[in-house]
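Engineer: Protein chains in written order, with the working numbering: chain S, 1 to 491; chain P, 1001 to 1491.
2 protein chains.
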Amino acid sequence: MEQGSGNSKKQKQNKEFVKEITPKNVDYSQWYIDVILKTKMMDYAPMKGFMAIRPFGFAIWEKIQEQLDRRFKDTGHENAYFPTFIPQSLLQKEADHVEGFAPELAWVTKGGNEILNEPLAVRPTSEAIICDFYSRWIQSWRDLPVLINQWCNVVRWEKSTRPFLRTSEFLWQEGHTCHRTEEEAEEETLQMLEVYREFLETEMAIPAIAGRKTEREKFAGALRTYCVEALMTDGRALQAGTSHNLGQHFAKVFDITFLDQDDQLKHIWQTSWGVSTRLVGALIMVHGDDRGLILPPRMAPTQVVIVPILSKKEKERVLESVRELEIQLKQDLRVKLDDREEYSPGWKFNDWEMKGTPVRIEVGPKDLDKGHVVMARRDTGEKEFVKREEVPARLKELLEQIQNDMLEKAIEFRKANTRTGDDYEEFKRLMETERGLYLAPWCGEDDCEGKIKDETKATIRCLPFDTEVPGEKCFACGEKAVAAAYFARAY
Amino acid sequence: MEQGSGNSKKQKQNKEFVKEITPKNVDYSQWYIDVILKTKMMDYAPMKGFMAIRPFGFAIWEKIQEQLDRRFKDTGHENAYFPTFIPQSLLQKEADHVEGFAPELAWVTKGGNEILNEPLAVRPTSEAIICDFYSRWIQSWRDLPVLINQWCNVVRWEKSTRPFLRTSEFLWQEGHTCHRTEEEAEEETLQMLEVYREFLETEMAIPAIAGRKTEREKFAGALRTYCVEALMTDGRALQAGTSHNLGQHFAKVFDITFLDQDDQLKHIWQTSWGVSTRLVGALIMVHGDDRGLILPPRMAPTQVVIVPILSKKEKERVLESVRELEIQLKQDLRVKLDDREEYSPGWKFNDWEMKGTPVRIEVGPKDLDKGHVVMARRDTGEKEFVKREEVPARLKELLEQIQNDMLEKAIEFRKANTRTGDDYEEFKRLMETERGLYLAPWCGEDDCEGKIKDETKATIRCLPFDTEVPGEKCFACGEKAVAAAYFARAY
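1) Taking only beta-carbon positions, decide if R1180 (chain P) is within less than 7 Å of chain S.
2) Does any residue of chain P have a CB that is nearer than 7 Å to the CB of W107 (chain S)?
3) Residues in the same chain with beta-carbon distance under 6 Å from D1338 (chain P), minus the five sequence neighbours each way, listed in chain order, please.
4) Under three-state DSSP, which class holds I306 (chain S)?
5) F1148 (chain P) versus chain S: which residues are under 8 Å apart at the beta carbon?
6) Closest Cβ-Cβ distance between W151 (chain S) and chain P: below 7 Å?
7) Can you find a C-beta in chain S that's less than 7 Å from the C-beta of F1465 (chain P)?
8) Flag P1055 (chain P) as yes when its Cβ comes closer than 6 Å to any non-hydrogen atom of the ligand NAP, and as no otherwise.
9) Using 7 Å as the limit for Cβ to Cβ distance, is F1072 (chain P) near chain S?
10) Give the range of the beta strand (DSSP E) segment to which S1272 (chain P) is assigned.
11) Indicate whether the contact test is met: 3 or more Cβ pairs, each with one atom in the segment 75-87 of chain S and one in the segment 54-67 of chain S, closer than 8 Å.
12) May I ask which residues mark the beginning and end of the alpha helix (DSSP H) holding F1413 (chain P)?
13) Tell me where the alpha helix (DSSP H) around L200 (chain S) begins and ends.
14) Would E1174 (chain P) be called buried (16 or more neighbouring beta carbons within 10 Å of its own) or exposed?
15) Could you check how far apart the C-beta atoms of C227 (chain S) and C462 (chain S) are, in whole angstroms? I think they sit under 8 Å.
16) Counting beta carbon pairs with one atom in the segment 1179-1192 of chain P and one in the segment 82-94 of chain S, are three or more of them shorter than 8 Å?
17) Leaving out five residues before and five after P297 (chain S) in sequence, what residues of the same chain have Cβ atoms less than 6 Å from its Cβ?
18) Around the C-beta of A1205 (chain P), are 16 or more other C-beta atoms found within 10 angstroms, so that it is buried, or is it exposed?
19) Please check if any C-beta of chain P sits within less than 7 Å of the C-beta of T271 (chain S).
20) For D1043 (chain P), go through chain S and note every residue whose CB falls closer than 8 Å to its CB, in chain order.
21) Spell out whether any CB of chain S is found under 7 Å from the CB atom of A1052 (chain P).
22) Can you give the beta carbon distance from G1049 (chain P) to W1172 (chain P), rounded, assuming they're within the 8 Å contact cut?
23) Just mark G1356 (chain P) as buried or exposed, buried being the case when its beta carbon has 16 or more other beta carbons within 10 Å.
24) Among S:W107, S:P103, S:M42, S:K473, which has the Cα closest to the Cα of K159 (chain S)?
25) Could you name each continuous alpha helix (DSSP H) segment of 4 residues or more that falls completely within the segment 442-469 of chain S, going from the start of the chain to the end?
26) Examine chain S for any beta-carbon lying closer than 7 Å to the beta-carbon of Y1081 (chain P), and answer yes or no.
27) Kindly indicate which three-state DSSP category G49 (chain S) falls into: helix, strand or coil?
28) List the residues of chain B that R1142 (chain P) touches, going by C-beta distances under 8 Å, in chain order.
29) Taking the alpha carbon of D379 (chain S) as the point to measure from, which residue in S:I452, S:M431, S:D290 has its own alpha carbon closest?
30) When the Cα atoms are used, what is the spatial distance from W1137 (chain P) to F1101 (chain P)?
31) Closer than 7 Å, CB to CB, is K1063 (chain P) near chain S or not?
32) Locate the beta strand (DSSP E) running through F1487 (chain P), then write down its first and last residues.
33) If you measure from the beta carbon of W172 (chain S) to each beta carbon in chain P, is any gap under 7 Å?
34) Please confirm whether I284 (chain S) and I268 (chain S) have their CB atoms less than 7 Å apart.
35) Measure the beta-carbon distance from S963 (chain P) to L1246 (chain P) and round it to whole angstroms, keeping in mind my assumption that it falls under 8 Å.
36) Give the DSSP-derived three-state secondary structure of Y134 (chain S) in the structure shown.
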């Protein structure tokens, strides 16, 4: 137990509270589900595989949106909205694309009491419908680049689902850009990958590895797919975002051309890139502990909760003080005063801890007498007394400290759970036990990649940039190694 | 022509530009379509009735979202997200609701290559699916009120569509709240109606009339529907937002109950309220003119455009000056410097005017010599010289002035086009000619309301609050008048 409290009644209360969350080392999957249900982040829909994102979960998604949207706009992108349905004929134009998504489609076959002549797919991703528009919008080099992003819902009929990580409907953003040259498209693809990596690190305190996907793992229809991969605390990897260089694959079948300055009609070069509500799942699994969520301050809907310790006699004096504190702190921070009288302070401590609130401030009559407050960190459980007049300055400092410490901790965890080697037997054993990331020399052959997956359930998460190949022979098949590859079991 | 320019070559250029927009008095509908297509606000999808909202149109929707979302949160609401599909059985629970929406539904019948056991409707509005969740989330009076809003897309299979105003898919927000008492629900319903009215007035410079809908016009499943109605410049009314007191209609069929403080199990009281992307259409039709859009400064994605007048010799000097100006103004305002060299200043003037940019700043070599800039208002066409050092202060003042003047102008237009009377023949004539709003004494009977609609295509837009009945007899049927009603032809 991280919370250091000398009060035995409170300890008992806490214990019972925490009992409702399965410990991580007993059943990680159940821990995950317990946390998101108990904190009311989501709830299951009556249709299998669907969910509602409840206000607390959605508030985290709003923070993700806010921070990413700012970065998209700073890099020159604009938002737009495209239809939720895609006519079957459009979806079939790009062969790899339709093959990749066909098994996951939901089809609208009836509209306004009439059977439709052509079924409409509910978008699983929007390349096909957007390319149809782009073919009309783009005429000249003056119309390029097109830098458009869309925030929306998509539907993919999934067989096995897990809240936030894989659901039949999810929320995401999808950027779709068009360029004059191959170089410009590749530059955009890598720029957005770096936007994701930097965002994950800076805002979510999640260290992610950037790299390229193999042919097997790339997006259906892409020329090249890049990704950012994060390591969860159960040793599994999670693909946190992807950025695709689409080349001219879609431009050619959708006939998206422009008259260049040299008077030649040319096909455009495209990219697409996206992250989804699965990032909420990543946040839970990178930082959470047996008491529930731990939110990095920059992502927390509530950064600081103030819990007054109310006794009958001193109630008004304490309330007056915390209300004043709340008003003062609200100017710069996301603060909540929990002055509900139907719950005890102990219950509130646990509830806000479970929800991952970075800092709790306690104020009771004795604290008032002494002119201080108690400040408790969610991530370490540490408590300190802070003079009332120093609270705003100390809080700012503390929140920054927590943000940094959480990133450091996640980096340490990843380091401790990343091995470099060429011992396939050791690798197999690891994938069955501690898991983690395994950086190995690889031959680059699809067959070998498939065999590894069959034997270990591990996949190549990415081929990292600028990484020396850690051996001359492929660690699995013994052929000549051509690339360094991160292997892991993944969500 | 509003723009006062002495340059005949420029005038010719302007004329040709404007030629592409049909004048309002020639064909209002065509004017509307010309404006939104020419300004690239939207484009038609390959499926009838659907559209893409292009970046310029979407930027206006983002402003609407930003301003409304702030107001929702200030009144204690939180955002959430519910599934896009509603199982048929849930939709059928509330009889009026399903009857009202059945003809407009799109049905998903196939998912992941399998025929579904139960068809799923794409949400036309989310009461049915949300009530299903609420029935599980609400147990005790402690869980109330529930104050949730959702921003999402909805689908209604419309037979005749018009961009932004009526499309088979549109974007909107839907608030769904639950309360302990009837009074609290009614208070919430009216509070959100006032939020809409005040937002329209303050931000969009659209004066709207608030009132109650008749039984015939109310939301399918509601106890009472309230609305805000705005008058377009062609004399038609447009329902700009609705707020519904749902009573216990849904609570009873979805069994949403709570244990009250008195230990009694009770049904909750509900409200729902929404506005949609049709507000973008209202903005165009309330303020636009024959040269295109006119955007109120608070809604304009670009509030000020700076157009440098570049001559070969003086190019660098002018560019340096406008770049400096842009950086200075960007601190407080949404400013764009249009320094594209492939377009002439005249072309740019027209393009930014068509897009409704509130203020244009022109800077040429002569202006630099004289130490001033030219400032042109989009709404009145007025130009003024402003000393360089006074630009930021004058701009702030001017933008506020424009915002106020646009609201005043819209109020004046509505006044001039609202008649109070009890002359049915005069009313019939008006509905065929100038249209506008007609405030008349009405009997309160559904039959009479239906007959008026058949004879004049006019509907009751709302029964305004606190308005004296302007006559003793119903202006249409001669029976005893019980209410004052606003009649109009509507979008």
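Note that the Cβ used here is the ideal one computed from N, Cα and C, for glycine as well.
Structural biologist: With the given structure in hand:
1) For the purposes of this step, residue 1180 (chain P) is taken as residue 180 along the second sequence, with counting starting at 1. Answer no: the Cβ-Cβ gap between R1180 (chain P) and chain S never drops below 7 Å.
2) Within the first sequence, residue 107 (chain S) is the residue found at index 107, counting from 1. Nearest CB-CB separation between W107 (chain S) and chain P: below the 7 Å threshold.
3) Within the second sequence, residue 1338 (chain P) is the residue found at index 338, counting from 1. Counting only Cβ-Cβ distances below 6 Å, and skipping sequence neighbours, we find V1305, V1307, K1348.
4) For this step, residue 306 (chain S) is matched to residue 306 along the first sequence. It is a strand residue.
5) Residue mapping note: residue 1148 (chain P) aligns to position 148 of the second sequence, counting from 1. According to the sequence shown, residue 1148 (chain P) is Ile rather than Phe. Correct list: P55.
6) Working through the first sequence from its first residue, we reach residue 151 (chain S) at position 151. Using beta-carbon distances, W151 (chain S) does not count as an interface residue toward chain P, since no partner is under 7 Å.
7) Numbered from 1 along the second sequence, position 465 holds the residue referred to as residue 1465 (chain P). Judged by the 7 Å Cβ criterion, F1465 (chain P) is not in contact with chain S.
8) Because no ligand of any kind appears in the structure shown, any question about the ligand NAP cannot be addressed here.
9) Your numbering for residue 1072 (chain P) matches position 72 in the second sequence. It does not; no Cβ of chain S falls within 7 Å.
10) Looking up residue 1272 (chain P) in the second sequence gives position 272. Per DSSP, S1272 (chain P) belongs to the beta strand (DSSP E) from 1269-1276.
11) no
12) As a first step, residue 1413 (chain P) is located in the second sequence; it is residue number 413 there, counting from the start. Its alpha helix (DSSP H) spans residues 1391-1416.
13) Numbered from its first residue, the first sequence carries residue 200 (chain S) at position 200. 182-202 is the span of the alpha helix (DSSP H), which, as asked, contains L200 (chain S).
14) In the second sequence, residue 1174 (chain P) corresponds to position 174, counting from 1. Classification of E1174 (chain P): buried, given that the 10 Å Cβ count is 16 or more.
15) The sequence position of residue 227 (chain S) within the first sequence is 227, counting from 1. The sequence position of residue 462 (chain S) within the first sequence is 462, counting from 1. Right, their Cβ atoms sit about 5 Å apart.
16) no
17) In the first sequence, the residue the question calls residue 297 (chain S) occupies position 297. Excluding residues within five positions, the ones whose Cβ falls inside 6 Å are Q303, P358, L399, I402, Q403.
18) As a working note, residue 1205 (chain P) is residue 205 in the second sequence. Answer is buried; the Cβ neighbour count reaches 16.
19) Against the first sequence, residue 271 (chain S) aligns to sequence position 271. Output row for T271 (chain S): interface = no.
20) Against the second sequence, residue 1043 (chain P) aligns to sequence position 43. For D1043 (chain P), the neighbours in chain S by C-beta distance under 8 Å run, in chain order, F133, R136, W137.
21) On the second sequence, residue 1052 (chain P) is found 52 positions in, with the first residue counted as 1. Yes, because at least one Cβ of chain S sits closer than 7 Å to the Cβ of A1052 (chain P).
22) Residue numbering aside, residue 1049 (chain P) sits at position 49 when the second sequence is read from its first letter. Residue numbering aside, residue 1172 (chain P) sits at position 172 when the second sequence is read from its first letter. Contact doesn't hold; Cβ gap of about 16 Å is too wide.
23) On the second sequence, position 356 is the one that residue 1356 (chain P) refers to. G1356 (chain P) comes out buried.
24) Indexing the first sequence from 1 puts residue 159 (chain S) at position 159. That would be S:P103, whose Cα lies nearest to the Cα of K159 (chain S).
25) 446-456
26) Here residue 1081 (chain P) corresponds to residue number 81 of the second sequence, with the count starting at 1. It does: the Cβ of Y1081 (chain P) has a partner Cβ on chain S nearer than 7 Å.
27) For this step, residue 49 (chain S) is matched to residue 49 along the first sequence. Here G49 (chain S) sits in coil by DSSP.
28) The displayed structure is made up of protein chains S and P, and chain B is not among them.
29) Here residue 379 (chain S) refers to the residue found at position 379 of the first sequence. Of the listed residues, the one whose Cα sits closest to D379 (chain S) is S:D290.
30) Residue numbering aside, residue 1137 (chain P) sits at position 137 when the second sequence is read from its first letter. Residue numbering aside, residue 1101 (chain P) sits at position 101 when the second sequence is read from its first letter. Their backbone Cα atoms lie some 26 Å apart in a straight line.
31) The sequence position of residue 1063 (chain P) within the second sequence is 63, counting from 1. Answer no: the Cβ-Cβ gap between K1063 (chain P) and chain S never drops below 7 Å.
32) Taking the first residue of the second sequence as position 1, residue 1487 (chain P) is located at position 487. 1483-1488 is the span of the beta strand (DSSP E), which, as asked, contains F1487 (chain P).
33) By 1-based counting over the first sequence, the position of residue 172 (chain S) is 172. W172 (chain S) does not count as touching chain P.
34) Taking the first residue of the first sequence as 1, we reach residue 284 (chain S) at position 284. Taking the first residue of the first sequence as 1, we reach residue 268 (chain S) at position 268. In this structure, I268 (chain S) does not lie closer than 7 Å to I284 (chain S) by Cβ.
35) Coverage of chain P is limited to positions 1001 through 1491, which leaves residue 963 (chain P) absent and any answer about it impossible.
36) Residue mapping note: residue 134 (chain S) aligns to position 134 of the first sequence, counting from 1. Three-state DSSP puts Y134 (chain S) in a helix.
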